[in-house]
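As numbered in the numbering used here, residues 1 to 309 make up the sequence shown, in order. All residues carry an ideal CB built from backbone N, CA and C; glycine is no exception. So the structure is just underneath, and the comments pick up after that.
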Amino acid sequence: MSAVKAEAAVPPAPRATALGRFFDNKNVLGVVFVAPAVLILLALLTYPFFLGIYLSLTDAIIGRGGHFVGLANYTGLLGDPLFRLVTFNTFLYTTVACTCKLILGLALAIVLNREFMGKRFIRAIVLLPYIVPTVLSAISFWWIYDPTFGIISYTLRHLGLIGHNIDFLGDPGLARGALIAANVWRGVPFYAIGLLAGLQTVPGSLYEAAAIDGAGGWSVFRHITMPLLRPLTVVITMFSVIQTFADFQLPWVITRGGPNNATHLYGTLAFQRAIQGSHLGEGAAVAMAIFPVLLLTVIVSFKNLRRED
1 MSAVKAEAAV PPAPRATALG RFFDNKNVLG VVFVAPAVLI LLALLTYPFF LGIYLSLTDA
61 IIGRGGHFVG LANYTGLLGD PLFRLVTFNT FLYTTVACTC KLILGLALAI VLNREFMGKR
121 FIRAIVLLPY IVPTVLSAIS FWWIYDPTFG IISYTLRHLG LIGHNIDFLG DPGLARGALI
181 AANVWRGVPF YAIGLLAGLQ TVPGSLYEAA AIDGAGGWSV FRHITMPLLR PLTVVITMFS
241 VIQTFADFQL PWVITRGGPN NATHLYGTLA FQRAIQGSHL GEGAAVAMAI FPVLLLTVIV
301 SFKNLRRED
């Protein structure tokens, strides 16, 4: 009898409300959690983006509203020899820098994934080039490449390897290489840390099975490491291409587009035309020329990821 009363005293479980069922849906929760970040991005990016499109279709200058000129700014750029040179410079800079960062970052990640004394300290040191402010890095490289007081020329001259200082930033070819080297130095840690995180998710049993089967180091890397790292590599490369293609701070501080416009990129040319030259319409058109390339990069990357899935 007491048992029956005890059972009767237990309150019935509350029925799931509509709101509760709504938030139990994982897709709904995902949207709820992501929505604040998406709204912030839209607020900070949507207005400047559409303002840039509007300005690129006008002849606006600083201090005066522009008149609608249609695609005149874009057609003018297509006939501009400097814009064609800047296009070549930007694609060369992005392709070489991102390729070098990928190779060096992957090699560094493989090394950091091994056991050795002081591994945690070395991992922390590796991050320094990436966390140091970009302008500070650029000023450091500007001093390193200085033709009079640069440390590279000073060291090589005192070792007897050269007879005079090298003007890294005065020669178009050397200036391109010097700028790419600065970008690679800054960007390698981004690849290394990201790929290191991916390497640590690879099951050790796969490597053990490969060792039992007698697979060599290259075979293990080609058939185990790279296939499992490919999705992460695509994402990291996509972000790196976007950052490198739209780079402004490094080239502006180190070379300001010189010598002879050899290191002018889309970002520096847009700044020069819009801010220094006061032609907001032309500068906005140069900046908008970056958008199709970045959009194509994102589309190709996501298609690659979907194929991997």
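Exercise. If I61 and H279 are in contact, beta carbons under 8 Å, what's the gap, nearest whole angstrom?
Worked result: 6 Å
For this session: Evaluate N25 with the Cβ neighbour count: other Cβ atoms within 10 Å of its Cβ, from every protein chain shown; 16 or more gives buried, anything less gives exposed.
Result: exposed
Problem set entry | Beta-carbon contacts of L199 that lie in its chain and below 8 Å, excluding the five residues immediately before and after | A109, I110, N113, T225, L229
Exercise. If you check the beta carbons only, do P251 and L296 fall under 7 Å apart?
Worked result: no
Exercise. Okay, do the region 238–250 and the region 184–201 touch, 3+ Cβ pairs below 8 Å being the bar?
Worked result: yes
Exercise. At what residues does the alpha helix (DSSP H) containing S278 begin and finish?
Worked result: Note, S278: premise wrong, no alpha helix (DSSP H); not H, not E.
Exercise. Excluding the five sequence neighbours on either side, which residues of its own chain have a C-beta within less than 8 Å of the C-beta of G150, listed in chain order?
Worked result: W143, I144, N165, I166, F168
For this session: Tell me whether I341 sits in a helix, a strand or coil according to DSSP, three-state version.
Result: Because residue 341 is not part of the residues shown, which for the chain are 1 to 309, the question remains open.
Exercise. How is the alpha helix (DSSP H) around E115 delimited, first residue to last?
Worked result: Unbroken run through E115: none, as it is neither H nor E.
Problem set entry | Exposure of S267, with buried meaning 16 or more beta-carbon neighbours within 10 Å | Note that residue 267 is Gly in the sequence shown here, rather than Ser. Flag for G267 reads buried.
For this session: Would you mind working out which of R186, G214, R157, Y47 sits nearest L127, comparing C-alpha positions?
Result: R186
Problem set entry | Whole-angstrom distance between A209 and Y303, CA atom to CA atom | Looking at the sequence provided, one finds Lys at residue 303 rather than Tyr. Near 32 Å, if we compare the C-alpha coordinates of A209 and K303.
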